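Enquirer:
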Amino acid sequence: MRRKLLLCLCAAICFVTHSYSQSKTITGKVTDVSGYPLANVSVLIKGTQTGTVTDETGSFSLNVSSANAILVFTYSGLTDEEVKVGNRSIVNAILKSDERSMQEVIVVGYGTQRKRENISSISKIAGAEVADKPTQSFDQALGGKAAGLNVIQPNGVLNNPPVLRVRGFNSISGSSYPLIVVDGMPIYAGDNSTNSAANNGLGDINPNDIESISVLKDAAATAIYGSRAANGVILITTKKGRSGKAKVQYDMWVGITKPFNLFEVLNAREYATIKNEAKVNRGQTAAYFLDTLNGQPVDTRWDDYVYRDGFQQNHNISVSGANATTHYYLSANFSDQSGMMQKNEFQRRQTRLNIDHKVTKWLTIGTNLNYSKSINEAPNTGSVPGQAFGTAGAARLSFLSSPLASPLKADGSYNIISPSSTNQLGRNKSTDQTGLYNVKMLLDLNTFSSTTDRILADVFGEIDLSGGFRFRTQYNNDYLLIEDKTFLNPFHGDGINVAADPNDDGRATNIFGRFNRWVWTNQLMFTKVFGESHNIDAVLVAEQQRSKGERWGGNRSGVSDPYYNEYQGGYRLNDNPAGNLLTENYLLSYLGRVNYGFKSKYFASFSIRRDAFSGYAPGNTADKWGTFPGGGIGWNISQENFYQESFLANTVTDLKIKASYGKVGNIAAGDFDAISTYQSGLYGIYSTLAFNNAGNPDLKWETSKKLDVGLAFALFKGRISGEFNYYKNDIDNLVLNVPTAASLGLPGNTILKNVGKMYNTGIEIELSSTNIRNKDFSWTTDLNITTLKNKVTELAPGVNEIVGITGGLETTNITRVGYSVGSIYAIRSGGVNPENGRRIYYKQDGTAVQFDLVQGWTRLDNNNAISAVATNTDAVIVGPSLPKIFGGMQNSFVYKNFDFTFDITYSFGNYLYNGTKAGLRDQRFWNNSKDVLNRWQKKDDAALIPRVVFGDNVSNGSAFAITENVEKGDFVKFKNITLGYLIKDSGLQKAGISGIRFFVQVQNAFVITDYSGSDPEISTNGNANLAPGVDRNTLAQARTIATGLTITF
Amino acid sequence: MKYLNKFIVYIILSIVVFCSCNKEEFLNPVPQTVISEANAFGSPERILGQVLSMYSSVKGGTFMGGRYFVYNDIRAEEFLNVTGNQVTGSNTWAHLLGAGTAEVNTLWAQAYNAVNRTNIVLEGLDANSTVISAALADQYRAEARFLRALTYFSLVTLYGEKPFNADNGASKGLPIRLEAETEASNSQLARSTVAQVYQQILGDLEFAEQKLPLTYTASTSTPDINVARAHRNSAIAVKTRVYLNMGRYNDVITEANKLVPSSAPFQTSSGVTHRLNTSFTDVFRTYLTAESIFSLPMTSTSGPGVQNGLAGYYTTEYELNPTGIIADANWKSADTRKTFIVTSGSKKWYNKFNSDNANYVPVIRYAEVMLNLAEALARTNAGVDARAVALLNAVRQRSDATTTFAPATKDELINLILNERRIEFLTEGLRSIDLLRTLQTIPAKTIVAAIPPSNHRYVFPIPENELLFNQLMIQNSGY
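The listed protein sequences correspond, in order, to chains A and P.
Residue numbering for the first sequence follows the working numbering, beginning at 1 and increasing consecutively.
Residue numbering for the second sequence follows the working numbering, beginning at 1050 and increasing consecutively.
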């Protein structure tokens, strides 16, 4: 009996245990964050080799023997998930991709690498960070996303290329702009337009097509790009299809964009008061009077005619998928954006096909094809580099034109002075000048457009030779056709040349450019693990790049009939051709890299590149070569046994120290600058041939020796991770115009030579933290901080400084040995003398002087006459235009189906020259900002604005830059705030829709700053090295509110 | 089979990796829009192009194409500044120049750019002697040296520390550049004395006189060739101007006699025909009269440049000084030279030049040779030189038939001649040269004080684009 009971008990126990230890079948589904099912996800029982993979619906089925079993889900490119089975029989998992993971793969030059093994300084930005943002190009969304990368949106003109700098200024005469590589091809970037319609080459790339962006910063990462790497390299990789059933996604957003922070200017009554007071102070009679138009008082708010609410929309559809042999990704994009200035439009139509196919076990072929057409239209905004003082600049006209003048007359015609050849805004009841051009007439009748048709294509073949060798050949091509059209009307504005023949009024200019670049890369790759501990990853590359550009166009003037507004219409005069360009260059390169890792603990990397550039050493091929080596070492301390036994191991789960050093270059010369050439010209009716360029056959690369020392860490198993880097870039052989004595008679009196030196140094901190993560709520923060110090140590012999000029007219910056490039440079001004309302200035030696338009320059102490101040004798360096600290922070919250992110960018320590403020206080007929109402009027007034005297363009800083208008540019900007909601309904899923996400976002939400201009994120001179940090008559920034959705099928 | 596949693969690899693909040609692209140094003298057309480029550099709007003439007139007393615009010479007018002033720098730079082109041509002709005939090469050399002399003369009369006549040329002159410069190495060169500069000028003009052609053959494609390019008579004419400036009156007479007969009709007897044109105004509206010895051609595609042309200055920037030469009672209202005076409100303007892109700029014309000769005769003859009076009257009566001069004394004759020059050459850039060679004080005008020869502002300062980079250069004392 007892035996039977024991047996029963055993059986019962056995049965019970068996019911646990017996393989319980667990099923489940693995998806990504948008609800999309993931195929080929590896599902392993932790600690065993037992597992399976998910099928194309993301489902799996696995036998599990214990309730304590933990399932580990791994998928290349996404974070591993571990889920305890417990009592459940259905276990689902959501795999997320985030930068926290050390297992993550990053794209490096000519290959990829796991983040854990990387010892160079590379920041990765996910494609999702730049997708679906209300911008025209992806680079506008990069601000604050990577340490060391400073992005400045120069103003609100659509598709105006942002300023991009990686670790400071890297050149003076050349470009500081990084190399942009898309799918292995260095592409044409920058403003491709020759007229007012800005045309950023990067706007031809659809941000939704981008999978990831890598910013390469130090020598170990960039040396592989050798002679073009001194400014850093930005690698863009476009999407490939992922395994599983075809994924179809439709993204769209619509938005309204408005100008952000416009100036408050005087109204009609205030304007008349101020200007008449100024007239009287000048000894003239009042000249400004109110008017009525059709019964209404004339009080023109010119902003209403220049700015508007722009409607924007963007639609994107993509189909992608993969099976065992083929990956494909097809997308199409239509974007139609109206800017916040009248007549500013951007339209892009684009399509892309990325396909690769494994033909046999050892051969894979593929192609990436992208066609974009972008149409950029803009008025003359006065806001692209060089335009700051253009009479027709709409941004300046909007705050300069008098409110006493109306844009139209009572009969509806445009309000301009008669005769129209005077070319000036009408005066209504006033008797003196009220404005320059009638900006409404210009916006209505003048047109500027720049249209690009672009094909970016590559084909490749990859052969898997056995033994760890692979060979890949890839041919890339970037082909652009750009047409720029300008039409200036014959009635008013720049189309009329007052001093010349009235028969040439009205002008059309068409310029057509064709640019083609091909790159052919052959690389041999070797990857092997020797003896289980030695990892070798090597690559050997032979590459050629050829670029050809040609451009031509025509100018016609003297419109025969006011109806014509196209180049092909009727004109009286055919003038000189426009936009002529015919040039080519070639780059031949051999390079190699070896990455060595020992037991995932010790790493070393070495790369070397030899480049020959056609533009150097004319006729002497042997001297065209440059060698650019770079390398680094790293130590993964956290993998060491002694570390894993220490007390730190549980908190600091990953710790790696690394260092790198190398030499890279920058091509800072044109294609033919090294050659001495003779150019054709005219002497009356005869052809001449004249020496026009003193070439330097010894011209070569600017070199940048980059040192980087860093520490990468992860705390609490990756809950917090980050990197700390110290960098120093020593740049020498800067290409500069070395001046020669004028009596030598060289063309331009200068010759290009490699003579200058400067350095950039600072630290970068990148932190990622998962602050909270539980079932329903998560909060992650990414923070980056970069400090920067730039100093010029040598310029051309005999030259101690180079001035930077804005708009061809105003000296605003100086690059001087011992200071930062492009430092802000202005004459010291004091406040207003309460005795007489005159502005106080300081000469170089500190003498205080004051200015009055009629009395001239007098000493402050005794009112004796004294010579005028001048920029070249009395200006001082106020401070650097480069920020001392900059960076960004992204916070991301997820609560159930809601997600909320806000992105902040910040910048501290730089100075800005607020030249616009000088214009806003100018005492010619110009309208002023409201602060002019607090002008000095009588003795002992404690005013900040001097006595208003009509015609005074000196006291407030128009004639030359004064420190009154130099301000600190510190700011914290809430760049983007997004709120989203994801719907994943089983009903929808039956209809084939795996998820819909709605979102609302604000771009350029608000700024915390003391800067008095429209936005401290500004650059009138674009990417200029010599004149950065200037705000002169530039368009405001735009704030865009958009709402959209993403539907995933 | 597997080995065959691999073999094929390796072959493909080798081909692909070592494909030559015209690398040499790609690495050495030839610019398509300009001509490289090696080929610049390779053909007769190219050499002619180089020769003409010397002229075009002299013609530059910042030099003789406009501003040089303007500065020489506005610094004197005939004009008042209306706009006060520093871009259009207000500092020159008011004698407020410094080493950093824009016009001081750009004029110097453009002039030496012209000198360098002449030196490049001279060197290129020597190095490429087989491309053209020896005779043609000599002619081109003569043209180069003519232009070099003209340029150095223009510079030394403005930048030399003192006029030649002040100390016989002992003061600091110019750095004399005689080598072709295509690299940066030779910036350092000290100033030669004014006398040495004149010696170089005369040497160049002597050679030019010997080797320039007597005349060019004009054709429909080269209608202005005898006006726009230097010929033998051009060199002689400039010599008269140079000798007059040096006070070498006998040499003026010797040279001028080659161009001016002993009595009327006054006309050259050899080389290009030159004489006074019957109509004064036509000289400045048709440009190709026999009076023009050397002028710089302007067209709509080859003009002086914005704000450089003479027409613009004298129609909007500088009005006639009411106390200047227009106040001369003896300059009668019927004088055809007064037809250029335009009255606008209270201002009078002198419209000798009316279109920047059409007017030819007169560098030297027959009337000047006549007056140079007249002055030289007047100064060397103890009494009143009859031939000088005849020349003076010929020039006056071309414009004003009612006036005949009959000066009683030598001094009166000289003053009449100097006065006639003021009227005849108004806006042609000779006033400052005339004041400085006679060591007269530059008269005051409205708010600008008079500048005597002892004042350092009597001449231009050396520009800083020279001083900063040529350590052997010394500034004119006082600046």
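For every residue, glycine included, the Cβ atom is placed at its ideal position computed from N, Cα and C.
Note that this is a predicted model, so its numbers are computed, not measured.
What residues in the region 1072-1084 of chain P bring their beta carbon closer than 8 angstroms to a beta carbon of chain A?
Expert: Listed by position, the residues of the region 1072-1084 of chain P near chain A (Cβ gap below 8 angstroms) are Lys1072, Glu1073, Phe1075, Leu1076, Asn1077, Pro1078, Pro1080, Gln1081, Thr1082, Val1083, Ile1084.
Enquirer: Please work out which residues of its chain come closer than 6 angstroms, Cβ to Cβ, to Tyr1507 (chain P), disregarding the five sequence neighbours upstream and downstream, and give them in chain order.
Expert: Taken in chain order, the residues that qualify are Ile1500.
Enquirer: Quick test of your reading: Asp572 (chain A) and Gly558 (chain A), contact by CB under 8 angstroms. State the CB separation rounded to the nearest angstrom.
Expert: Reading off the sequence shown, one finds Arg at residue 572 (chain A), where the question assumed Asp. The Cβ separation is near 3 angstroms, so the contact holds.
Enquirer: Within a Cβ cutoff of 6 angstroms, which residues of the same chain sit near Asn535 (chain A), ignoring the five residues on either side of it in sequence?
Expert: Val529, Gly597
Enquirer: When Cβ atoms are compared, which residues of the region 1230-1243 of chain P fall closer than 8 angstroms to chain A?
Expert: Taking a C-beta cut-off of 8 angstroms against chain A, the contacting residues of the region 1230-1243 of chain P are Glu1230, Thr1231, Glu1232, Ala1233, Asn1235, Ser1236, Gln1237, Leu1238, listed in chain order.
Enquirer: Can you check which of these residues, A:Gly244, A:Ala67, A:Ile805, is closest to Gly86 (chain A) by C-alpha distance?
Expert: A:Ala67
Enquirer: Could you tell me which chain A residues have their CB closer than 9 angstroms to the CB of Val1131 (chain P), listed as they occur along the chain?
Expert: Near Val1131 (chain P) there are no residues of chain A at all, since even the closest Cβ is about 15 angstroms away, more than 9 angstroms.
Enquirer: Which of the three DSSP states, helix, strand or coil, is assigned to Val1301 (chain P)?
Expert: helix
Enquirer: For Lys358 (chain A), write down the residues that DSSP places opposite it in a beta bridge.
Expert: A:Thr364
Enquirer: Where do the ends of the alpha helix (DSSP H) carrying Glu1461 (chain P) lie?
Expert: 1459-1473
Enquirer: Please report whether the beta-carbon of Ala959 (chain A) lies at a distance below 7 angstroms from any beta-carbon of chain P.
Expert: no
Enquirer: Under the DSSP definition of a beta bridge, which residues are partnered with Ile1375 (chain P)?
Expert: DSSP, once it has assigned bridges, lists no residue as partnering Ile1375 (chain P).
Enquirer: Does any CB atom of chain P fall closer than 7 angstroms to the CB of Ala683 (chain A)?
Expert: It is Tyr, not Ala, that sits at residue 683 (chain A) in the sequence shown. Chain P, which has a Cβ nearer than 7 angstroms to the Cβ of Tyr683 (chain A), makes this yes.
Enquirer: When the cut-off is 7 angstroms and only beta carbons count, does Leu744 (chain A) lie next to chain P?
Expert: yes
Enquirer: If contacts are defined as beta-carbon pairs under 8 angstroms, then Tyr1415 (chain P) and Glu1340 (chain P) qualify, I think. What distance do you get, rounded to the angstrom?
Expert: About 5 angstroms separates the two Cβ atoms, so the contact holds.
Enquirer: For Phe448 (chain A) versus Thr509 (chain A), is the C-beta spacing smaller than 7 angstroms?
Expert: Between Phe448 (chain A) and Thr509 (chain A), the gap from beta carbon to beta carbon reaches 7 angstroms or more.
Enquirer: For Ala146 (chain A), which residues from the same chain have a beta carbon less than 7 angstroms from its beta carbon, with the 5 sequence-adjacent residues on both sides left out?
Expert: Ser123, Ile125, Val215, Asn784
Enquirer: Could you tell me whether the region 407-417 of chain A touches the region 246-257 of chain A, where touching means 3 or more Cβ pairs closer than 8 angstroms?
Expert: no
Enquirer: What's the gap between the Cα of Asn1217 (chain P) and the Cα of Ser743 (chain A)?
Expert: 24 angstroms
Enquirer: Assign Asp356 (chain A) to buried or exposed, taking buried as 16 or more other Cβ atoms, counted over all protein chains shown, within 10 Å of its Cβ.
Expert: The Cβ neighbour count for Asp356 (chain A), taken over all protein chains shown within 10 Å, is at least 16; the residue is labelled buried.
Enquirer: Could you spell out the range, first to last residue, of the beta strand (DSSP E) harbouring Leu1174 (chain P)?
Expert: Taken as a continuous stretch (DSSP letters only), Leu1174 (chain P) belongs to no beta strand (DSSP E), being part of the alpha helix (DSSP H) at 1151-1176.
Enquirer: Taking the alpha carbon of Ser173 (chain A) as the reference point, which residue from A:Trp635, A:Thr815, A:Gly1013, A:Leu38 has its own alpha carbon closest?
Expert: A:Thr815
Enquirer: Whose C-beta lies closer than 7 angstroms to the C-beta of Thr138 (chain A) among residues of the same chain, with five residues either side of it excluded?
Expert: According to the sequence as given, residue 138 (chain A) is Phe; it is not Thr. Once the five neighbours on either side are set aside, the close Cβ partners of Phe138 (chain A) are Val130, Leu202, Ile205, Pro207, Ile210.
Enquirer: Please decide whether Glu810 (chain A) counts as near chain P, where near means a Cβ-Cβ distance under 7 angstroms.
Expert: no
Enquirer: Could you compute how far the alpha carbon of Glu99 (chain A) sits from the alpha carbon of Asp922 (chain A)?
Expert: For Glu99 (chain A), the pLDDT reaches just 44, beneath the cut-off of 50, and the residue's location in the model is therefore unreliable, although a value from the coordinates is still provided. Their Cα atoms are separated by approximately 51 angstroms.
Enquirer: Is the beta carbon of Asn376 (chain A) closer than 7 angstroms to that of Gln350 (chain A)?
Expert: no
Enquirer: In whole angstroms, what separates the C-alpha of Lys1396 (chain P) from that of Glu1368 (chain P)?
Expert: Linking Lys1396 (chain P) to Glu1368 (chain P) through their CA atoms gives a straight-line distance of about 6 angstroms.
Enquirer: Examine the ligand ZN and report whether any of its heavy atoms sits within less than 6 angstroms of the Cβ of Asn428 (chain A).
Expert: Only the bare structure without any ligand can be found here, which leaves the ligand ZN out of the picture.
Enquirer: Hey, is Trp1157 (chain P)'s beta-carbon within less than 7 angstroms of any beta-carbon in chain A?
Expert: yes
Enquirer: Just checking, does the region 1078-1095 of chain P make contact with the region 671-680 of chain A on the three C-beta pairs under 8 angstroms criterion?
Expert: They touch, by the three-pair rule.
Enquirer: Across the region 1222-1236 of chain P and the region 1202-1209 of chain P, are there enough close Cβ pairs to call them in contact, namely three or more that are closer than 8 angstroms?
Expert: yes
Enquirer: Suppose only complete runs of 4+ residues qualify. What are the alpha helix (DSSP H) ranges in the region 250-326 of chain A, listed by chain order?
Expert: 268-282, 303-306
Enquirer: Beta-carbon of Asn733 (chain A) versus every beta-carbon of chain P: anything under 7 angstroms?
Expert: no
Enquirer: Residues of chain A with CB closer than 8 angstroms to the CB of Tyr1363 (chain P), please, in chain order.
Expert: Within 8 angstroms Cβ-Cβ: nothing; Tyr1363 (chain P) doesn't reach chain A, min ~14 angstroms.
Enquirer: Output, in sequence order along the chain, the residues in the region 653-682 of chain A whose CB is closer than 8 angstroms to any CB in chain P.
Expert: Asp671, Phe672, Ile675, Ser676, Thr677, Tyr678, Gln679, Ser680, Gly681, Leu682
Enquirer: Thr1385 (chain P) bridges to which residues according to DSSP?
Expert: Paired residues: none, contrary to the question.
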